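**Q**
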Amino acid sequence: MTVIAAQARIRARPSAAQMARWAISDSLVMTRRNLLVWLRVPAYIVFTVVQPVIFVLLFRYVFGGAIHAPGSGGYVSYLMPGIIGQTAAFATFATAIALAQEATKGVIDRFRAMPMARSAVLAGRLIADSIRMLIVILVIIGVGYAVGFRFQNGVVGAIGMVLLAELFGIAVCSVSAFVGLAIKDEESVQAFGLIWIFPLTFVSSAFVPIATMPGWLQVFANNQPVTLVINAMRAMALGGPEFPLNPALWESLVWLAGVMIVFTPLAVRSYRRVG
Amino acid sequence: MAAQNDDDAIEVSGLHKSFGKVHALRGIDFSVPRGTVLGMLGPNGAGKTTAVRVLTTLLRPDSGRVVIEGYDVVRDAAAVRRCIGLAGQATAIQLELTGRENLEIMGRLNHMDRRTVRGRAATLLERFDIADAADRPAKTYSGGMQRRLDLAASLIAEPSVLFLDEPTTGLDPYGRLGMWGILRELVERGTTLLLTTQYLDEADELANTIVVVDRGEVIASGTPNELKDQVGGDLLEFTVPDRAQLDDAVRAVGGLSEASPTVDPEARRIKVPVGSRGSTALVEAVRRLDAAGVETEDLALHRPSLDDVFLAVTGHAAESSSDAARNAEMPSKTSAGVAS
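Respectively, the protein sequence lines represent chains A and L.
In terms of my numbering, the first sequence has 263 at position 263, counting the first letter as 1, and numbering is strictly consecutive.
In terms of my numbering, the second sequence has 238 at position 238, counting the first letter as 1, and numbering is strictly consecutive.
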C-alpha cells in the first residue's frame, strides 16, 4: 500500500529549491495556526485590541486636557503615533508568552522531530504577530479618527508611519522571542516584559512632550530608541516644522536594524537549545 | 558494535550522552526488530527520556550510533524525521483549534498535499473515536480524547517507527485500555513501536522485548517471561493455619527445588521458589503436604510480576511517587482483584 510511496518519499533527497518551498509553506501553515488561535480566544483579542483602544480614550479624554502638546492637531494628534508605537511594543508580550508556553509544553520538541523546516516555528510566529499587529494598528487608527485624530502629512506619510510602527514591532518581537525562549516560564516572561517595555514606552515622547520631564530624565528619554521611533512616526503622520523627520528616522532605522541583528540570532540560538 | 541487520527498525549501540558532569546515558545498546514493540522501563531520571530524544533526532549523542530504518540519526536526521512519529505526555495539540484542524496542520507540516491530509485526518478521527467531536475545539475533549488526538497527530504521515514517551500517564483505566487497543492494532499493521513507561503492567501487556534502564545503563533486557525467569521464576506460596505444623510444612516442601523455602512465622506464610517447574512443583507440593498431614490455606503459584523484576535488578521498587500518583487515579491492582 502506501509503504512504498512513503519509502520513496523518504529516500528522495529534496533539492534546495524544494527545501525553500517547504520553508515558505511551513511558515505559512504555522502563521495560519497562530492566527486561528488568536481569533479563537476572546481574551487575546481583548488584550491586543480592546486595551489599546481604552488607552486612546483614556489619554484623549482623561489626561489629554492637562497635557499641552505642540503642533496644530492638538493632543489627540500628538498622542496617536505614541499609542500606536506603544501598542506595537506591547503586542510582543504575546510573542514571548506563546513561545515560552510552546517550549515548556514540549510542543517545539514535537515540531523539531518532524520533517518541517526548522525556521518555520519562529518565522510563523513573527509573520502571524506582524499581521495581528497591522490589524490592531488599523483598528486604533479608526478609533483615533472617531475621536478627532487626522493624518496631516498625506497618504505617503500615513503609510510610512504604519510601516515604521510594523518594523518597530517586529524588532521588539525579536527581543521578545529571545526572552520567551530563554526564560521559558510564562509568569517570569510577563514580569520581565513589564520591566523593560513599560519604562521604555512611558519614559519617551509617546504620551507627553519630553520637555515637561525633569532634566535628568530628559537625558534618557531623548536618547532612547522608542522616542526616536515615535518622533519619526509623528513626523510622518503630522509633518510640519514642529515634527522634523530628520534625524529621527535614520537614527531609529539604525536602532531597529541593530536590535534585529543582535536579537534574531539570539532567538534562533535559544530556539535550537529548547529542551 | 551491533551487526547491521535489515530486519531491525531501530539499532542503538554504545550510546553515550552527558550534560556537563551528569552522565545521562552511559553506553546503551539495543535493537528493535521491525514490527515489534520495545518497552523501556526505568525510574525517573534513569535516562529514558534522554534516549528517546537522541533516537528522535532532538539531541546529538556524544558517542555511539543510532540507526532508524537504515538512517543514522546524526548524519541523516532529515530522513529519520520523515519515517518516525513521536508522541509523549506533553501533547502537541493546540487546544484552541479543533481536532480536525490540529491533524490537518500536522499533516501539512509533514509536507502532505491538502487532499491527502484531509482524507487521512478523517480516517484517523474515525478510527480513534474522535469523529463526533472532530469540529469542536480540542480543549473541550476529555484527557483520553486529547491523548488519542495527539497520537493521531503523530501518525498523520504514517510513520513506520513510532516513539511514545509514557503514552498512558494520567489516563483513567478506560483510557488506558483504549490506548492499548489502538497500539496493538498499529503494531499488527506493521508499525515498530518504542514506548517508555513507568507502568510495569503496561510493558508486560504490550512489549515483545523490555529493556530496563537505570542510571544511564541497560541493566536487564529480554522478553517479559525471560526477565521473570531471571528473578527466580515461579513462586509457590501458602499459609499454614496451625503454627505447630509450620516446621513440618517446611520439611515437606524443602526438597521441591534447589532454593530453600522462606518462612514468615508471624503470618505463618511459606514461599518456595520453584523456577520454571511451576505446575509440576505445585502438584508435588500438594502431595507432599498431604502426606505429611499438614493443613494449608491459600496455596497458589505466583508468576513474578515485573515489579519483582524491577526490584531485583534495580535494587529499589518502581518509582514510588509515580505509584502514588497512579493509585490516586485508578484503583490498585489488589483492590480491583478483590472486587472482581
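Yeah, the Cβ is synthetic: ideal placement off N, Cα and C, and Gly gets one too.
Quick caveat, the model's predicted, so the values are computed rather than measured.
For residue 297 of chain L, count the other beta carbons within 10 Å of its own beta carbon; 16 or more makes it buried, fewer makes it exposed. Which is it?
**A** Per the 10 Å Cβ criterion, exposed.
**Q** According to DSSP, which residues form a beta bridge with residue 71 of chain L?
**A** DSSP lists L:68 as partners of residue 71 of chain L.
**Q** Going by DSSP in three states, residue 213 of chain A sits in which element: helix, strand or coil?
**A** Looking at residue 213 of chain A - three-state DSSP - the assignment turns out to be coil, as it is neither helix nor strand.
**Q** Report, in whole angstroms, the separation of the C-beta atoms of residue 84 of chain L and residue 105 of chain L, which I expect to be a contact under 8 Å.
**A** Actually they do not touch by this definition, with Cβ atoms about 18 Å apart.
**Q** Would you mind sorting residue 102 of chain L into buried or exposed? The rule is 16 or more other CB atoms within 10 Å of its CB.
**A** That one is buried.
**Q** Of the choices L:81, L:64, L:221, whose alpha-carbon is the least far from that of residue 71 of chain L?
**A** Checking every option, the nearest Cα to that of residue 71 of chain L belongs to L:81.
**Q** Take residue 208 of chain L and list the residues in its own chain whose beta-carbon comes closer than 6 Å to its own, dropping the five residues that flank it on each side.
**A** Correct list, in chain order: 36, 37.
**Q** In the DSSP assignment, find the unbroken alpha helix (DSSP H) run with residue 42 of chain A in it and report its ends.
**A** Residue 42 of chain A -> alpha helix (DSSP H) spans 42-45.
**Q** May I have the straight-line CA-CA distance separating residue 319 of chain L from residue 145 of chain L, to the nearest angstrom?
**A** Residue confidence is low: residue 319 of chain L scores 49 on pLDDT, short of 50, so the model does not pin down where it sits. No coordinate-derived value is stated.
**Q** Please classify residue 88 of chain A: does DSSP put it in a helix, a strand, or coil?
**A** Three-state DSSP puts residue 88 of chain A in a helix.
**Q** Name, in chain order, the residues that DSSP records as bridge partners for residue 41 of chain L.
**A** Paired residues: L:197, L:212.
**Q** Quick check on residue 261 of chain A: does DSSP put it in helix, strand or coil?
**A** Reduced to three states, the DSSP call for residue 261 of chain A is helix.
**Q** Helix, strand or coil for residue 74 of chain A per DSSP?
**A** Three-state DSSP puts residue 74 of chain A in a helix.
**Q** Given that residue 137 of chain L touches chain A, what residues does it touch there, using C-beta distances under 9 Å?
**A** Residues of chain A passing the Cβ test: 40.
**Q** Nearest to residue 141 of chain A by CA position, among A:81, A:128, A:96, is which residue?
**A** Closest option to residue 141 of chain A, Cα to Cα, is A:81.
**Q** Among L:268, L:226, L:248, whose alpha-carbon lies nearest the alpha-carbon of residue 276 of chain L?
**A** Residue L:226 is the option with its Cα nearest to residue 276 of chain L.
**Q** Using the three-state DSSP reduction, which class does residue 261 of chain L fall into: helix, strand or coil?
**A** Note: residue 261 of chain L maps to coil in three-state DSSP.
**Q** So with Cβ pairs under 8 Å, would you call residue 126 of chain A a contact of chain L?
**A** Judged by the 8 Å Cβ criterion, residue 126 of chain A is not in contact with chain L.
**Q** What's the C-alpha gap between residue 50 of chain L and residue 25 of chain L?
**A** Roughly 7 Å separates the two Cα atoms.
**Q** Quick one: measure Cβ to Cβ for residue 246 of chain L and residue 285 of chain L, integer angstroms, because I've assumed they're closer than 8 Å.
**A** That pair is no contact at about 15 Å.
**Q** Contact defined as beta carbons within less than 8 Å: I believe residue 87 of chain A pairs with residue 156 of chain A. What is the distance between those atoms, to the nearest angstrom?
**A** No, residue 87 of chain A and residue 156 of chain A are not in contact; Cβ-Cβ is about 22 Å, not under 8 Å.
**Q** Figure out for me which residue from L:34, L:172, L:11, L:46 has the closest Cα to the Cα of residue 342 of chain L.
**A** Outside the shown range of chain L, which is 1 to 340, sits residue 342 of chain L, and nothing can be said about it.
**Q** Going by DSSP in three states, residue 184 of chain A sits in which element: helix, strand or coil?
**A** Note: residue 184 of chain A maps to coil in three-state DSSP.
**Q** Are the C-beta atoms of residue 22 of chain A and some chain L residue less than 8 Å apart?
**A** Residue 22 of chain A counts as touching chain L.
**Q** When DSSP labels each residue in this structure, what does residue 56 of chain L get in the three-state scheme?
**A** Residue 56 of chain L: coil per DSSP, three-state reduction.
**Q** Looking at chain A, is there any beta carbon in it that lies within less than 8 Å of the beta carbon of residue 82 of chain L?
**A** Judged by the 8 Å Cβ criterion, residue 82 of chain L is in contact with chain A.
**Q** Let me see if you follow: with CB-CB separation under 8 Å, is residue 198 of chain L close to chain A or not?
**A** No, because no Cβ of chain A sits closer than 8 Å to the Cβ of residue 198 of chain L.
**Q** Cβ atoms of residue 21 of chain A and residue 92 of chain L: under 8 Å apart, would you say?
**A** Their beta carbons are not under 8 Å apart, which means residue 92 of chain L does not touch residue 21 of chain A by this criterion.
**Q** To the nearest angstrom, how far is the alpha carbon of residue 73 of chain A from that of residue 237 of chain A?
**A** Approximately 11 Å between the Cα atoms of the pair.
**Q** If you drop the 5 nearest sequence neighbours on each side, which residues of the same chain put their C-beta closer than 8 Å to that of residue 267 of chain L?
**A** Hits under 8 Å: 239.
**Q** Can you check whether the C-beta of residue 94 of chain L is within less than 8 Å of a C-beta belonging to chain A?
**A** So, interface residue.
**Q** In this structure, does DSSP put residue 137 of chain L in helix, strand or coil?
**A** Residue 137 of chain L: strand per DSSP, three-state reduction.
**Q** Which value, in whole angstroms, describes the spacing of the CA atoms of residue 22 of chain L and residue 214 of chain L?
**A** Approximately 14 Å, taken between the alpha carbons.
**Q** Should residue 86 of chain L be flagged as near chain A, meaning a C-beta pair shorter than 8 Å?
**A** Yes - at least one Cβ of chain A is within 8 Å of the one on residue 86 of chain L.
**Q** For a cutoff of 8 Å on Cβ pairs, would you count residue 134 of chain A as touching chain L?
**A** Residue 134 of chain A does not count as touching chain L.
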